[in-house]
Amino acid sequence: MQLKPLARSLAVALSIVVIAGCSSTGGTQDGDSYGSQDGSSMGAGTSGAGTGGQYGSTTGSGSSAGQQADSRIPEVRTIYFDYDRDTIKSEYESAVMAHARYLRANPNAQVVLHGHTDERGTREYNMALGERRARAVQRFLNIQGVSNSQMSVVSYGEERPAASGQTESAYSQNRRVVFNY
Amino acid sequence: MQILSKVWLFCALLFISSAASAQLTIEITRGSDQALPIGVVPFAGNEGMSEDIAQIVQDDLERSGLFDPLERSAMFEKPSQADDVEFGTWRSLDVRYLVVGRVQQTGNSYQLQFDLMDISGQRQMIGETVTANANDLRGAAHYISDQIFEAITDIRGAFSTSIAYITAQGLGDNMQFGLYVADADGHNSQQVLTSDQPIMSPAWSPDGRKLAYVSFESERPAIYIQDVATGQRVQATSFDGINGAPSWSPDGRRIAMSLSKDGQPEIYIMDIANRSIERITNSNSIDTEPAWSPDGRSLLFTSDRSGGPQIYQHTLGTGETKRLTFTGNYNARARYSPEGDQIFLVHRSSRGYQVARQDLDGGRLVVLSDSTRDESPSVAPNGTMVIFATQQGNNGVLSAVSADGRSSFRLPAAQGDVRDPAWSPFLN
């Protein structure tokens, strides 16, 4: 998976722009341009960082749970975990199965599984726990027949909380894996 | 994907300290009852200048926890040189040491003359003149603090050092992250990097010139190395999975890190010059948060190989690995003291996550901090203080505690979260 020449020249061009402008925004936003290096152009082409839930519903919200659902990215894109656990809770199995069906039916579809933890504990250790959660989902999908080449895993640890505060309610919303297409 | 590991030279980032959220202010939260009483008399000729030299020195000394400064309102004499100090006057105020000084402007620069007096011994300990430009008066004051601190305690002062830290604002998809460097007293904060993707785990090179850190700007984690003064930076890693927890070797040539490219996170050492990596751990568990010993011979790391996270020490060369922590079921992210004889770590007690110290020759674990959500301890280069991240209300703030736990102070920010502090090495 080498960087596409286009993306490369784009990145160079952007760094030139940054050198020219050298504005207050610092040097990182341009880095996003070569984040899409696998160029699969799937989905809405968002930068896909965080809760995917608000993306992809542009095709209308009225969902019918029929077989034709396999042609559409499943709507439930976030599943939640118990404290210090990476087991997929039974209440989310059907949601994960729907993603498995979709990915099997659409072999060109790519999903990035984002693993997240709550804020308790150290940051880098939580990075590892978030990865463990995302990998548990990846394994589950793989057992359901989804090719590993369709899936990748990025852990955000506790760095991108969905809810703030030091309450169990906030913590439980943050312990999650998000499906990003 | 190899292209990502290519060297990227970015333009020198302008240091803009515009963001009010990054400005830190100091609050002393716990004073030691064994602090030495000292008087720091306002410097003669300081009126009308941009910085109050004596106040900066006084605040430095108080923050160390080892000094208890006399309030200015209690000073009914204001001598400015050694010859004018009446020892009896200051003895009656129970002051053991006295700092007096004066400022003279010559053109664009200032001459700061200061004397340190031992009141009980009735003698002068220091008489020195410092020259400073108008824009480096704070630096000159910190230098004076360093001299006073060392003359009295026999410990090298660390007031002229810096701290790096991360700021974060927002939630979920709408977040802004910043990497900042500030003076050790929280002043002069300068933005090193901003991103709408997470930045974490800043680590100083041993010469204090560079920071290694983790940035998600490519939508996955990678380790970057950035020259703080010029802004020039390179991407050091772009492996699949976690690229995390960088820690420099004492010789500055290698970086220990955590990589999960082969499954679970394992500890690796990268040679910075040729980017070769050597795998250090090999287990079915999480191995992360490496920290290099000051003598370069061993690494601390966190592993859950025994169940929950605990601290292990790996001896380089022999490969011998020893578990160090046995108190409680959560001990993580350890750092060596500068002497290498103690470790500072995050310990989960019945109250929550706290900063703790453990002596390496079989000592017990001592909790130092008193909050419930403390993390990321980083030790001052002279070993006297440990800075860490904690919560104040709903905000992350930086706090520091003396290595003996007796005194502490806090550096709250105006808004947003401040976290992941890293205390620089000595810079002079």
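Residue numbers (UniProt numbering), protein chains in the order written: chain A, 1 to 181; chain B, 1 to 428.
Using N, Cα and C, we set each Cβ at its ideal position, and we do this for glycine too.
From the listed residues Tyr102/A, Thr117/A, His116/A, the smallest Cα separation to glutamine 110/A is found for Tyr102/A.
Rounded to the nearest whole angstrom, the CA to CA distance from threonine 390/B to serine 73/B is 34 Å. According to the DSSP assignment, aspartate 146/B belongs to the alpha helix (DSSP H) that extends over 137-153. Between leucine 368/B and aspartate 341/B, the C-beta spacing is not below 9 Å. Against chain A, the CB of glycine 241/B has a partner CB under 9 Å away; the residue lies at that interface. Residues are counted here when their Cβ sits less than 9 Å from a Cβ of chain A; for the stretch 193-211 of chain B these are Leu193, Thr194, Ser195, Asp196, Gln197, Pro198, Ile199, Met200, Ser201, given in chain order. By the 16-neighbour rule on beta-carbons within 10 angstroms, alanine 134/B is exposed. Shortest Cα-Cα distance from threonine 321/B to any of Arg297/B, Trp248/B, Gln190/B involves Arg297/B. Aspartate 370/B sits in coil when the DSSP states are folded into three classes, being neither helix nor strand.
In summary, the residues of the stretch 241-271 of chain B whose CB is separated from some CB of chain A by less than 9 Å are Gly241, Ile242, Gly244, Ala245, Ser258, Ser260, Gly263, Gln264, Pro265, in the order they occur in the chain. Judged by DSSP in its simplified three-state form, isoleucine 88/A adopts coil rather than helix or strand. Contact annotation: in the stretch 389-411 of chain B, residues whose CB is within less than 8 Å of a CB in chain A are Gln391, Asn394. For asparagine 180/A, there is no enclosing alpha helix (DSSP H); the enclosing beta strand (DSSP E) has its first and last residue at 176-180. Nearest in C-alpha terms to serine 155/A, of all of Asp84/A, Ala163/A, Leu113/A, Ala105/A, is Leu113/A.
In terms of Cα proximity to isoleucine 155/B, the closest of Leu365/B, Asp185/B, Glu339/B is Glu339/B. Taking the beta carbon of glutamate 93/A as reference, no residue of chain B falls within 8 Å; the closest one sits roughly 24 Å away.
For glycine 145/A, the secondary structure class from DSSP, reduced to helix, strand or coil, is coil. Arginine 139/A is not a Cβ neighbour of glycine 115/A, given a cutoff of 9 Å.
Exclusion of the five residues before and after glutamate 128/B leaves Phe114, Gln147 as the residues of its chain whose Cβ lies within less than 7 Å of its Cβ. Arginine 410/B: member of the beta strand (DSSP E) spanning 408-411, first to last residue. Leaving aside the five residues that flank proline 161/A on each side, the residues in its chain whose CB is nearer than 7 Å to its CB run, in chain order, Glu119, Asn174. Chain order gives the chain A residues near aspartate 420/B as Arg123, where near means a beta carbon separation below 7 Å.
Proline 309/B reaches chain A at Tyr125, counting residues in chain order whose Cβ is nearer than 7 Å. Chain-ordered, the chain A residues with CB closer than 7 Å to the CB of valine 346/B read Thr122.
Annotation: asparagine 428/B to glutamine 191/B spans about 22 Å, alpha carbon to alpha carbon. Counting along the chain, the unbroken alpha helix (DSSP H) around alanine 54/B starts and ends at 53-63. Taking 7 Å as the cut-off between beta carbons, the residues of the stretch 300-328 of chain B near chain A are Thr302, Pro309, in sequence order. Judged by DSSP secondary structure, arginine 30/B falls within the beta strand (DSSP E) whose first and last residues are 27-30. Taking each of Ser120/B, Gln176/B, Gly107/B in turn and checking the Cα distance to valine 95/B, the smallest one comes out for Ser120/B. In this structure, the CA atom of aspartate 196/B is about 24 Å from the CA atom of glutamate 289/B.
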